[in-house]
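The block underneath contains the structure these notes are about, expressed in structure tokens.
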């Protein structure tokens, strides 16, 4: 959901992910929550981010995904991609400028330099 807000950038989303270290953390599953969140998800960005983090279990197409919202197995996969895979160390990269925003201990540093404001 983060995007690059560097001055002059018109296409700052989705940020690409460079992974140095990723972790999985268990989170209680709530299928209704995933169903209600689904319409708000940029599916292509989620698929790209998941694959960057080594998880390739989501369908490429949002239409295919929407047709599977009654499948608990599918909802579990979306839940895992959204809530259980965490980028611990690495960088988020602006798609337009290539500017890297470091991620340390799971926290992205999105502060801009003076010339980027």
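In this note's numbering, the protein residues as written are 201 to 317. Note that CB positions come from ideal geometry on N, CA and C, so glycine has one too.
Given residue i as reference, the closest of the options once Cα atoms are compared
i	options	result
residue 292	244, 309 and 227	309
residue 247	289, 313, 277 and 211	277
residue 281	204, 253 and 268	253
residue 223	297, 314, 296 and 289	289
residue 272	256, 295 and 233	233
Close-in-space but distant-in-sequence residues of the same chain around residue i (CB under 8 angstroms, 5 per side omitted)
i	result
residue 316	206, 207 and 299
Own chain partners of residue i with C-beta closer than 7 angstroms, once the 5 adjacent residues on each side are dropped
i	result
residue 187	No statement about residue 187 is possible, as the shown extent of the chain runs from 201 to 317 and does not include it.
residue 283	227
Simplified DSSP assignment, three categories, for residue i
i	result
residue 306	coil
residue 232	helix
Proximity test, Cβ basis, 8 angstroms: residue i and chain D
i	result
residue 248	In the displayed structure, chain D is absent; only one protein chain is listed.
- prompt: Just checking, does the region 231-244 make contact with the region 253-267 on the three C-beta pairs under 8 angstroms criterion?
  reply: Contact between the region 231-244 and the region 253-267 is present, because at least three Cβ pairs lie under 8 angstroms.
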